[in-house]
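According to UniProt numbering, the residues represented by the sequence shown are 1 to 48, in order.
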Amino acid sequence: MKIPTGQLVSAQQILTGLALIEINSELEIKTTSKLLKYARAIANIKQS
Numbered sequence: 001m002k003i004p005t006g007q008l009v010s011a012q013q014i015l016t017g018l019a020l021i022e023i024n025s026e027l028e029i030k031t032t033s034k035l036l037k038y039a040r041a042i043a044n045i046k047q048s
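Here's what the structure looks like:
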């Protein structure tokens with residue numbers, strides 16, 4: 001299966017990713033939110 005980025009992934013990888021999303025702890029969710037915030041800010045700076 002090919003994802004929108006063009007990378008080929010197996011069904012096993014998709015299921016593993018979904019399982020990891022399901023077991024996120026509150027700390028991991030907060031950390032991920034902050035990382036996404038910083039990644040978006042960096043992307044905006046690069047576009048400028």
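Ideal placement from N, C-alpha and C gives every residue a C-beta, glycine not left out.
Give me the Cα-Cα distance between residue i and residue j, rounded to the nearest whole angstrom.
i          : j          : result
residue 23 : residue 34 : 18 Å
residue 48 : residue 39 : 14 Å
residue 4  : residue 36 : 19 Å
residue 9  : residue 1  : 5 Å
residue 30 : residue 11 : 28 Å
residue 46 : residue 28 : 27 Å
Which partner residues does residue i have in the DSSP bridge list?
i         : result
residue 2 : 8
Secondary structure, alpha helix (DSSP H): runs of 4+ residues fully inside the region 6-42: For the region 6-42, whole alpha helix (DSSP H) runs of length 4 or above, ordered along the chain, are 11-22.
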